[in-house]
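Residue numbers (this note's numbering): 23 to 316. Ideal placement from N, C-alpha and C gives every residue a C-beta, glycine not left out. Single-structure report; data block below.
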C-alpha cells in the first residue's frame, strides 16, 4: 500500500510540576498525492495565530497549553486527493469561575498559557473552518490559496484578513462569518477575491473593511440581530448596490453620494449592474445597526 501522508506529533513538558506548560508540534507531510486541504479548528479558549509559511508541510502547528485546563486533539485522514485535518482545543472544565470570566472580559488580551501558531503552505488550496469560543485569534490569509472559509466567534476577538497585503492566491467561492457575542474585524476583504460573502451577527460586532478597489464582483448577504455591522469602503467611488429588508427597528447609515432608487434600495454614484467589481449588499436588519463608512 502506498504511503502518502505522514503525521508527526512531538510533545514536550516544560518543567516538572503539575501546572507546567505542555509544548506540542504537529505536522502533516505531503508526498504529492494531496491536492486539496480541509482544516477544522475548534478552540474553546486561548490565543491562535494563523499565517502562511513556505515549506513542505501543508499544516504545521506549534503550541503550548496547560493540560489541566485544556486538552488538545489533532488528527488527519486522507480520502482520495483530499487531506482532512483537525485541531480541537477542549476545555476540561477545571478552571475556576473567576478565571473564565476574566477571559471573557479580557478577550482582546493574549493568553500565554494557551497559545497556538498554525502555518499553512502557499501552494495548496484550502477549505478552512475556524471556530473560536473565547480568547483572541489572528488570521493572516495573505498569499494562501483559500477556496472556502468559515469563521465563527462565540465570545472571542478575531482579527482576520490580508494583513500582509498579499491577495488570495485563487478566487474564493464563499467567505462565511458568524458572530455571536464576540467581535470580528476583517481587513482588506477585497483581497479575498470572494464570489459570495455570508455574514450573521447576533449580539456582537462585525467590521468588514474594503480598503481598496475590489478585483471582482461579490454578493454580500448579511443578517444582523441586536449586534452591529460596520462596512468600511475605500475613498474611491466603487459600484455598490445596497438592498435592505424592511424592518421596524433599525439603525442604518450610508455615505453621502448614495442614491435611493426605490424603497430600501440604494446605489453609489458609479453603480452599474454590469460592473466587473460590483458589490451587492443584501441586508436583513433587526434591532441592531448597519453603518457604511468611507
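**Study point:** Rounded straight-line distance, which links the Cα of residue 236 to that of residue 80
**Key:** Computed Cα separation, rounded: 28 Å.
Review point. The beta strand (DSSP E) with residue 76 in it runs from where to where?
Key: Segment: none, residue 76 is in no beta strand (DSSP E) and carries neither H nor E.
Point to revise | Span of the beta strand (DSSP E), counted from its first residue to its last, around residue 51 | key: 43-52
Review point. So, helix, strand or coil for residue 212, using DSSP?
Key: helix
Practice item. Please list, in chain order, all residues of the same chain as residue 189 whose beta carbon is under 6 Å from its beta carbon, the five residues on each side excluded. Key: 213
Review point. Taking the Cβ atom as the reference point for each residue, do residue 171 and residue 192 lie within a distance shorter than 8 Å?
Key: no
Exercise for review: Taking residue 84 as the reference, give the member of 265, 43, 101 and 52 with the closest Cα.
Suggested key: Among 265, 43, 101 and 52, the Cα nearest to that of residue 84 is on 43.
Practice item. Return the residue from the list 299, 55, 179 and 252 that minimises the CA-CA distance to residue 305. Key: 252
Review point. Between the Cα of residue 160 and the Cα atoms of 240, 169, 78 and 178, which residue gives the shortest distance?
Key: 178
Practice item. Compute the Euclidean distance between the alpha carbons of residue 113 and residue 154, then round it to the nearest angstrom. Key: 12 Å
**Study point:** Identity of the residues DSSP links to residue 268 by a beta bridge
**Key:** Under DSSP, residue 268 forms no beta bridge with any residue.
Point to revise | Cβ-Cβ separation, residue 232 to residue 256 (assumed contact under 8 Å), whole Å | key: 6 Å
Review point. Cα separation between residue 143 and residue 166?
Key: Distance from the CA atom of residue 143 to the CA atom of residue 166, rounded to whole angstroms, is 7 Å.
Check your understanding: Using DSSP with H/G/I as helix, E/B as strand and the rest coil, what is residue 238?
Key -> coil
Practice item. Under the assumption that residue 238 contacts residue 210 (Cβ atoms under 8 Å), give the Cβ distance between them as a whole number of angstroms. Key: The Cβ separation is near 14 Å, so there is no contact.
Check your understanding: Using the beta-carbon count (16 or more within 10 Å), is residue 54 buried or exposed?
Key -> Exposed, because fewer than 16 other Cβ atoms sit within 10 Å of the Cβ of residue 54.
Practice item. Give the single residue among 57, 221, 269 and 301 whose Cα lies nearest to the Cα of residue 15. Key: With the chain running from 23 to 316 in the structure shown, residue 15 is simply not present.
Exercise for review: Within its chain, find whatever has a CB closer than 7 Å to the CB of residue 169; leave out the 5 residues flanking it on each side and keep chain order.
Suggested key: 147, 148, 149, 192, 194 and 195
Check your understanding: Any idea what DSSP makes of residue 299, helix, strand or coil?
Key -> coil
Practice item. Compute the Euclidean distance between the alpha carbons of residue 93 and residue 111, then round it to the nearest angstrom. Key: 6 Å
Check your understanding: Expressed to the nearest angstrom, what Euclidean distance is found between the alpha-carbon atoms of residue 174 and residue 230?
Key -> 15 Å
Review point. Should residue 44 be listed as close to the ligand COA, given that the test is whether its C-beta is under 7 Å from any heavy atom?
Key: Absence of the ligand COA from the depicted structure is noted, as is the absence of any ligand whatsoever, leaving it without description.
Practice item. Taking only the alpha-carbon atoms, compute the straight-line gap between residue 181 and residue 223 and give it to the nearest angstrom. Key: Distance between residue 181 and residue 223, taken at the CA atoms: about 15 Å.
Point to revise | Cβ pair residue 228, residue 201 closer than 8 Å | key: yes
Check your understanding: Can you list, in chain order, the residues of its chain whose CB lies under 7 Å from that of residue 290, leaving out five sequence neighbours each side?
Key -> Contacts found: 259, 260, 261, 262, 279 and 280.
Check your understanding: Excluding the five sequence neighbours on either side, which residues of its own chain have a C-beta within less than 8 Å of the C-beta of residue 297, listed in chain order?
Key -> These residues qualify, in order along the chain: 239 and 261.
Practice item. In angstroms with no decimal places, state the Cα-to-Cα distance between residue 197 and residue 45. Key: 32 Å
**Study point:** Cβ neighbour criterion (16 or more within 10 Å) applied to residue 283
**Key:** exposed
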